[in-house]
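Using numbering that gives the first Met the number 0, read the sequence shown as starting at 0 and increasing by one per residue.
Even for Gly, the Cβ is constructed at its ideal location relative to N, Cα and C.
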Amino acid sequence: MTDDVELRRLAMRRADMKLAFRSHALSYVMVNAGLVGIYFLTGSDYFWPIWPMLGWGIGLAAHAASVYFNGDGIRDRMIEEELEKLRRTRGQ
Numbered sequence: 000m001t002d003d004v005e006l007r008r009l010a011m012r013r014a015d016m017k018l019a020f021r022s023h024a025l026s027y028v029m030v031n032a033g034l035v036g037i038y039f040l041t042g043s044d045y046f047w048p049i050w051p052m053l054g055w056g057i058g059l060a061a062h063a064a065s066v067y068f069n070g071d072g073i074r075d076r077m078i079e080e081e082l083e084k085l086r087r088t089r090g091q
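Structure representation (structure tokens):
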């Protein structure tokens, strides 16, 4: 029974992480579309929206990597390692 509860908790956490990333990606698209719109309305010769797009894009890519390309998850492994250490020290 505890395995099912633990798996459900892990699944919920992973789903929350994916939803947070989707929200982040939507914000990125909406804000940068607005910046490109401002660029076109002002008639500037220099495409200045590239700088916030690149800067924020790096953060968005890091967020995507942590959510989707992390295998079992570094944080999950670290939590398990810490739990094992705590169990060993309390068992002595």
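In this structure the stretch 21-41 lies against the stretch 50-60, because at least three pairs of beta carbons, one per stretch, are closer than 8 angstroms. By the CB criterion at 8 angstroms, V66 and M16 fall inside the cutoff. Here P51 is exposed. Its C-beta has fewer than 16 other C-beta atoms within 10 Å.
Cα atoms of V35 and P48: separation of roughly 6 angstroms, rounded to the nearest angstrom.
DSSP places D44 outside both helix and strand once states are collapsed to three, so it counts as coil.
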